[in-house]
Amino acid sequence: MSNTCYHCGEDVPVNTNFKVEILGEIRQMCCPGCETVAQTIVDSGLVSYYQYRTAPAEKADLVPEQLQALIHYDNQEVQNEFVRNSDELSEVTLSLDGISCAACAWLIEKQLSHTDGVVRIRVNTTTNRALLSWNNTKTKLSELLSAIHQLGYKAAPFEADQQEADYHRAMKQYLYRLGIAGLATMQVMMLAVALYLEVFGDLDAEFKNYFRWVSLIFATPVMLYSALPFYVNAWRSLRSRTLGMDVPVSIAMIFAYIASVVATVTEQGEVFFESISMFAFFLLVGRFLEMRARRKAAAASGNLLKLIPAMATTIEGEQVPVKTLSVGDKVRVLPGEHVPADGIIVDGRVHIDESMLTGESVPVVKQMGDKAFAGTLNGEEAFILEVSSSKADSMISNIVRLQDEAQLSKPKIAEIADVVARYFVAAILLIAAATWFYWQQNQPEDAFWIMLAVLVATCPCALSLATPTALTCATSRMGNYGILLRKSHVFETLCKVNHLIVDKTGTLTHGDIVISDVSLQGNFDRQQVLALAAALEAHANHPLARAFRPYLDNQINVEQIENIIGSGIVGRYQGKQLKIGSAGFVLPTQSPTMANAIYLSLDDKLIATFTYQDPIRKEAKAFIKQFQQAGVRVTLLTGDSVENAQLVAKQIGIEDVVAQAKPQDKLNYLNSGESNDVTMMIGDGINDAPTLAGAHLSVAMGGGTDVAKASADMVLLGDNLDRILKARELALKTRRIIAENLAWSLGYNLFILPLAVAGLVAPYFAVVGMSASSIIVVSNSLRLLKEQGK
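Here's what the structure looks like:
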């Protein structure tokens, strides 16, 4: 086999696989550019070029410049800004241009899912974004972007500013198309009124035909320019052997235009130029308003990324681009500036406004060793920040990614709606053909009009928009509440919860534990026992462990430390066994019954008892009461002692208490529930992780451990329990709005179809009805963005 490119004649690089079938044989290509150009030549029916050419073509510049730029996305330094890597798997959020309906999303997902190396791709038609995961050892990002380009869509890594620029450019194009269609419609309608109402009763036939030619001149730019987006979408669908929403619309317009041109040239039959112009005008108005509404729904998460500044200030005072920052770099954050990257505060004590993450307006006090997040707002003191993660792995980027992922995974009802919509288009085409045939036999002069009305009126655009727009708005609203969604089923499951299970420490209580009293039982003084306890607790990440951090002494050397999750910590100190934890763990032969106490022993001899205070959250009692009033059973499930658990439960009003539960005990309790239980677990510790993972719906407190957050379906960034109540109200409202959207879209189609078939709907009323139906569905979903109270 030849090792030269069949298109340009250059050598084919090793380990490349660019091929095109030309003249019945598979030909090797040297690069994606030559492959794409050659495929374009073949697809355009110009394969004879290769038969008669006298020299190889010049090397293709990747058709021509657009795909050349895609190669740069394979550069590792470029990818660091937007690609998230985990071993061999890579993930990126893409902006898509040209997406108009669910069929577009289905087409991209279908084509790329069969591409070698692609693990998953999910497309969101509301935000015009896609989440792409691929095996970076099998394929390159540029090749996947090229595959999307070949389908007729533009794709690039998501950047909020760039997507906004693309949006404004698209809106400007729609306004141009809309303006031309509007002007043409006015002119053509004036001529049509004169012709149909016979304003000029004695007008000669040649003048009537002249009016038709003038109408043709005005309608042609509408057909060739204003209506172009509909044809492009329809052609993409047909080329990929699927049926999109714009197929019946395009067929209707093309048929009407051809029939009108024939009637004008032959001077026989009716013309539909005014209908064509009105079709395009009303459809464009509908799409324009729909795009604006969808943009509003999608803007919230994108706006988060805009809070990350473009420039950062080094310690030396030099301004550098944020995208060039690496892990370990140190920058100075000045008063009133947004934090440029996720990092650790290495110098300074400051107040930082994290409302964009948590929804809480009160600034948070941060000091040396605390973490600050990109996009949060610094107060009145400058501080030094050591960068700990790239922009792609920042908290804001993860929030946007998880929100996108939650929106992309559709509920079952949405998947059914998309399938129904695709089959519905096929049914429309068949019904329209049958309608034309019937009326052609009985009333031929109206057959064409009636067929056009059927094609346009029943397009199921609203059906495909019913669920995605509502979920996008609801997810955005959750972000405003300081709730991060990690799984897509949250809205469905939250409506069904009938059993609430809550942890105690750090969940119902603040978790800001302080040691209030130290009781000495051995030969050690107060400072010594606190230092010994701190040496053990330094190896835990529980709120109680954090209370001992101020007493840590580097001179104390404890070895062979083991964390017994749910019980305590054990280690070796000067050859003796040192234990801290619950009474049952530290002193198996003794059973002190003090509430809010933790015990320290040396060789099983009690040397200190620490009494601590952990105030109950002020909203906890009302939170539990509202769930109980809604008929939800509430259980306090904690690893703490029975005394501590009962004390908190009594104050809050919880009757069902399970205490001294180890992680496995918690999971066993969860699994022993009744078959009709739909459980929601709220926790914050490592010992809660198995239960969080096993519950139907799980919520991790934002101040909790990373393990708990990784196991949860939702993360409560602000640690305010009231937000969960608002989330439940929002979920119920979302379910209601989705039901309203589906009822409206299905009801409208079922109502209008028989009327259109019966010839009772004029084509221009049909297009108004179809556009209005989509706008109503999107507008109804936008109600979810309205303020429901903080």
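Whatever position you read off the sequence shown (first residue = 1), add 720 for the working numbering.
A virtual CB, placed ideally from N, CA and C, is assigned to each residue, including glycine.
Everything numeric in this text was worked out from a predicted model, so none of it was measured.
TODO: Tell me whether Phe1144 is buried or exposed, calling it buried when 16 or more other Cβ atoms sit within 10 Å of its Cβ.
DONE: Taking the first residue of the sequence shown as 1, we reach residue 1144 at position 424. Buried.
- [ ] Provide the residue span of the alpha helix (DSSP H) that contains Gln870, from first to last.
- [x] Along the sequence shown, read from residue 1 onward, the residue named residue 870 stands at position 150. In the DSSP assignment, Gln870 falls within the unbroken alpha helix (DSSP H) covering 861-870.
Task: Cβ-based neighbour list, Arg1266, same chain, cut-off 6 Å, excluding 5 preceding and 5 following - done: Translated into positions along the sequence shown, residue 1266 becomes position 546. Answer for Arg1266: no residue qualifies.
TODO: For the alpha helix (DSSP H) holding Ala850, just list the boundary residues, first then last.
DONE: Indexing the sequence shown from 1 puts residue 850 at position 130. Bounds of any alpha helix (DSSP H) do not take in Ala850; it lies within the beta strand (DSSP E) bounded by 849-855.
Open item on the list: Just list the residues that DSSP pairs Phe1330 with in beta bridges.
Closed with: For this step, residue 1330 is matched to residue 610 along the sequence shown. Note: Phe1330 sits in a beta bridge opposite Val1238, Ile1318.
Open item on the list: Let me confirm a value: Asn1098 is counted as buried when at least 16 other C-beta atoms fall within 10 Å, else exposed. Which label applies?
Closed with: Along the sequence shown, read from residue 1 onward, the residue named residue 1098 stands at position 378. Answer is buried; the Cβ neighbour count reaches 16.
Task: Cβ pair Asn848, Leu827 closer than 8 Å - done: Taking the sequence shown and counting its residues from 1, the one referred to as residue 848 is at position 128. Taking the sequence shown and counting its residues from 1, the one referred to as residue 827 is at position 107. Cβ atoms of Asn848 and Leu827: not closer than 8 Å.
Open item on the list: Taking 8 Å as the threshold (C-beta atoms), are Leu1204 and Val1419 in contact?
Closed with: Here residue 1419 is taken as the residue at index 699 of the sequence shown, counted from 1. Here residue 1204 is taken as the residue at index 484 of the sequence shown, counted from 1. No; because the gap between Cβ atoms is not below 8 Å, this pair is not in contact.
Open item on the list: What does the alpha-carbon distance come out to for the pair His1259 and Arg840?
Closed with: For the purposes of this step, residue 1259 is identified with residue 539 of the sequence shown, where counting begins at 1. For the purposes of this step, residue 840 is identified with residue 120 of the sequence shown, where counting begins at 1. Annotation: His1259 to Arg840 spans about 38 Å, alpha carbon to alpha carbon.
Task: CB of Ile1028 within 8 Å of CB of Pro1060, strictly - done: One-based indexing of the sequence shown puts residue 1028 at position 308. One-based indexing of the sequence shown puts residue 1060 at position 340. Taking 8 Å as the Cβ cut-off, Ile1028 and Pro1060 qualify as a contacting pair.
Task: Same chain only: Cβ atoms within 6 Å of Val843, ignoring 5 sequence neighbours per side - done: Start at 1 with the first residue of the sequence shown, and residue 843 comes out as number 123. Its chain contains Ala825, Ile828, Glu829, Ala850 as the residues whose beta carbon lies nearer than 6 Å to that of Val843, once the 5 sequence neighbours on both sides are disregarded; these appear in chain order.
Task: Run of the alpha helix (DSSP H) containing Met943, from where it starts to where it stops - done: Here residue 943 refers to the residue found at position 223 when the sequence shown is read from its first residue. Run containing Met943: none; DSSP gives neither H nor E here.
Task: Pairwise C-alpha distance: Leu1326 and Asn1283 - done: Taking the sequence shown and counting its residues from 1, one reaches residue 1283 at position 563. Taking the sequence shown and counting its residues from 1, one reaches residue 1326 at position 606. Taking the straight line from one Cα to the other gives about 19 Å.
Task: Short Cβ contact (8 Å threshold) for Leu1437 with Gly1414 - done: By one-based count along the sequence shown, residue 1437 stands at place 717. By one-based count along the sequence shown, residue 1414 stands at place 694. No, they are not a contact pair.
Open item on the list: Between which two residues does the beta strand (DSSP E) holding Leu809 run?
Closed with: By one-based count along the sequence shown, residue 809 stands at place 89. Counting along the chain, the beta strand (DSSP E) containing Leu809 begins and ends at 809-817.
TODO: Have a look at Val1047 and Tyr896 and give me their C-alpha separation to the nearest angstrom.
DONE: Within the sequence shown, the letter at position 327 stands for residue 1047. Within the sequence shown, the letter at position 176 stands for residue 896. Rounded to whole angstroms, the separation of the alpha carbons of Tyr896 and Val1047 is 46 Å.
Open item on the list: Tell me the rounded alpha-carbon separation between Thr724 and Cys750.
Closed with: Numbered from its first residue, the sequence shown carries residue 724 at position 4. Numbered from its first residue, the sequence shown carries residue 750 at position 30. Separation of Thr724 and Cys750 (C-alpha to C-alpha, rounded to the nearest whole angstrom) is 7 Å.
Task: Alpha carbon of His727 to alpha carbon of Tyr977, nearest angstrom - done: The sequence position of residue 727 within the sequence shown is 7, counting from 1. The sequence position of residue 977 within the sequence shown is 257, counting from 1. Roughly 40 Å between the two C-alpha positions.
Open item on the list: Assess contact between the segment 1286-1298 and the segment 1226-1240, defined as three or more Cβ pairs (one per stretch) separated by less than 8 Å. Is contact present?
Closed with: No: the two stretches stay apart, fewer than three of their Cβ pairs being nearer than 8 Å.
- [ ] Indicate the three-state DSSP secondary structure (helix, strand or coil) for His888 in the structure shown.
- [x] Counting from one through the sequence shown, the residue named residue 888 turns up at place 168. Helix at His888.
- [ ] Determine the closest residue to Cys754 out of Val740, Ile746, Gly744, with distance taken between C-alpha atoms.
- [x] For this step, residue 754 is matched to residue 34 along the sequence shown. The shortest C-alpha separation from Cys754 is found at Val740.
TODO: Find the nearest neighbour of Ala890 within the set Glu863, Ser946, Ala912, judged by alpha-carbon distance.
DONE: To locate residue 890, count along the sequence shown from 1; it is residue 170. That would be Ser946, whose Cα lies nearest to the Cα of Ala890.
Task: Nearest candidate by alpha-carbon position, reference Val1210, set Asn1200, Gly1359, Leu1191 - done: Looking up residue 1210 in the sequence shown gives position 490. Of the candidates Asn1200, Gly1359, Leu1191, the one whose C-alpha sits nearest the C-alpha of Val1210 is Leu1191.
Open item on the list: Taking only three categories from DSSP, how would you classify Arg1069?
Closed with: The residue given as residue 1069 occupies position 349 in the sequence shown. The DSSP-derived three-state label of Arg1069 is coil.
- [ ] Leaving out five residues on either side along the sequence, give the residues of the same chain with a beta carbon under 8 Å from the beta carbon of Gly1479.
- [x] Against the sequence shown, residue 1479 aligns to sequence position 759. Here the set comprises Trp1159, Gln1163, Asp1166, Trp1169, Ile1170, Ala1173.
TODO: Please state whether DSSP places Ile1151 in a helix, a strand or coil.
DONE: As a first step, residue 1151 is located in the sequence shown; it is residue number 431 there, counting from the start. When DSSP states are grouped into helix, strand and coil, Ile1151 belongs to the helix group.
- [ ] Go through its chain and collect everything with a Cβ distance to Leu809's Cβ below 8 Å, but skip five positions before and after it.
- [x] One-based indexing of the sequence shown puts residue 809 at position 89. For Leu809, where only same-chain residues beyond five positions count, the Cβ hits under 8 Å are Val839, Ser853, Trp854, Asn855, Asn856.
- [ ] Could you check what DSSP says for Asn1461 in three-state terms: helix, strand or coil?
- [x] Against the sequence shown, residue 1461 aligns to sequence position 741. Look at Asn1461 here: in three-state DSSP terms it is helix.
Open item on the list: With the cut-off set at 8 Å, would you say Ala1340 and Leu1228 are in Cβ contact?
Closed with: The residue given as residue 1340 occupies position 620 in the sequence shown. The residue given as residue 1228 occupies position 508 in the sequence shown. The Cβ-Cβ distance between Ala1340 and Leu1228 falls below 8 Å.
Task: Which of helix, strand or coil DSSP assigns to Ser1392 - done: Position 672 of the sequence shown, counted from the first residue, corresponds to residue 1392. Ser1392: coil per DSSP, three-state reduction.
- [ ] Flag this pair as touching only if the segment 987-1004 and the segment 898-909 have three or more C-beta atom pairs under 8 Å; answer yes or no.
- [x] The way I'd put it, the segment 987-1004 does touch the segment 898-909; three or more beta-carbon pairs between them come closer than 8 Å.
Task: Selected residue, minimal CA-CA separation from Asn1364, among Thr1331, Asn1391, Leu1250, Gly1199 - done: For the purposes of this step, residue 1364 is identified with residue 644 of the sequence shown, where counting begins at 1. Of the listed residues, the one whose Cα sits closest to Asn1364 is Thr1331.
Open item on the list: Classify Thr1034: buried if its beta carbon has 16 or more other beta carbons within 10 angstroms, exposed otherwise.
Closed with: Residue numbering aside, residue 1034 sits at position 314 when the sequence shown is read from its first letter. Within 10 angstroms of the beta-carbon of Thr1034 lie fewer than 16 other beta-carbons, which makes it exposed.
Task: Pairwise C-alpha distance: Thr736 and Arg747 - done: Within the sequence shown, residue 747 is the residue found at index 27, counting from 1. Within the sequence shown, residue 736 is the residue found at index 16, counting from 1. Rounded to whole angstroms, Arg747 to Thr736 spans 13 Å at the Cα level.
Task: Coarse secondary structure for Gln988, derived from DSSP in three states - done: Taking the sequence shown and counting its residues from 1, one reaches residue 988 at position 268. Looking at Gln988 - three-state DSSP - the assignment turns out to be coil, as it is neither helix nor strand.
Open item on the list: Let me check one thing: in DSSP terms, what residues is Ala876 bridge-paired to?
Closed with: Taking the first residue of the sequence shown as 1, we reach residue 876 at position 156. Paired residue(s): Ser815.
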